[in-house]
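To start, the structure itself, in structure tokens.
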């Protein structure tokens, strides 16, 4: 296995998930320069969705003050800016699956205080339709969930929730349209395991409509508390 890895590394050298240049060093998964410039979201955060907010006196972001969420709480690690958008696009669409190793490490490390507080009994990756997964070759949420589950020793329930239809691209819709678009888009799967506390894992959180739709299905089937952990999320206000 070690020889095989050396050969693969020589043929396909690891690239930095931020600047996309080749990373030097056997165990490095991000270059030193980008590691110094990439900063996770810190407090003050929205108490519910974890987005960065302006002041300590403000408990919730503007989105969460206007919307009722089905999930209980969650966080993203980095702001979904142009840098992270390009990184995730390369991860999902351009064969840079090794970027996920850095994502998993960042999510596990910076999400640890929340994971210790939430104590999820199982992890559910956000599903995609079988057609879309075949076109892409993998489900990025499953990739992240598997890595996080391995680090924390928490079981990952693949196909616990199924996506039955795709609908329009969420980024093209308003928040109200997103909720309507996702209605009845998910159903419970055969691999669902009744747990009181579950963690949803995805790559990006924007309005929370997808997280809410999956959380609703899980709560209808016996889950009591639903949390989420994502790599990136939009800015609060």
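Numbering (the numbering used here), first residue to last: 2 to 238. Glycine included, each C-beta is placed from N, C-alpha and C at the ideal position.
Outcome for residue i when other beta-carbon atoms lying within 10 angstroms are tallied against a minimum of 16
i: residue 25; result: exposed
i: residue 117; result: exposed
i: residue 69; result: exposed
i: residue 27; result: exposed
i: residue 182; result: buried
i: residue 17; result: buried
i: residue 156; result: exposed
Nonlocal neighbours in the same chain, by C-beta distance under 8 Å from residue i, ignoring five residues either side
i: residue 102; result: 30 and 148
Residue i versus the options, residue with shortest Cα-Cα distance
i: residue 67; options: 57, 194 and 47; result: 47
i: residue 211; options: 126, 194, 151 and 156; result: 126
i: residue 185; options: 165, 203 and 49; result: 165
i: residue 128; options: 121, 146 and 120; result: 146
i: residue 133; options: 151, 199 and 163; result: 163
i: residue 131; options: 213, 187, 15 and 37; result: 187
Integer Cβ distance of residue i from residue j, believed to fall under 8 Å
i: residue 160; j: residue 191; result: 7 Å
i: residue 49; j: residue 61; result: 6 Å
i: residue 76; j: residue 115; result: 6 Å
i: residue 237; j: residue 52; result: 3 Å
i: residue 198; j: residue 225; result: 7 Å
Close-in-space but distant-in-sequence residues of the same chain around residue i (CB under 6 Å, 5 per side omitted)
i: residue 10; result: Confidence at residue 10 is low in this model, with a pLDDT of 49, below 50, so the placement of that residue is unreliable and no value is reported for it.
i: residue 143; result: 126
i: residue 141; result: 93 and 204
i: residue 78; result: 41, 107, 108, 111 and 232
i: residue 137; result: none
i: residue 216; result: 71, 72 and 227
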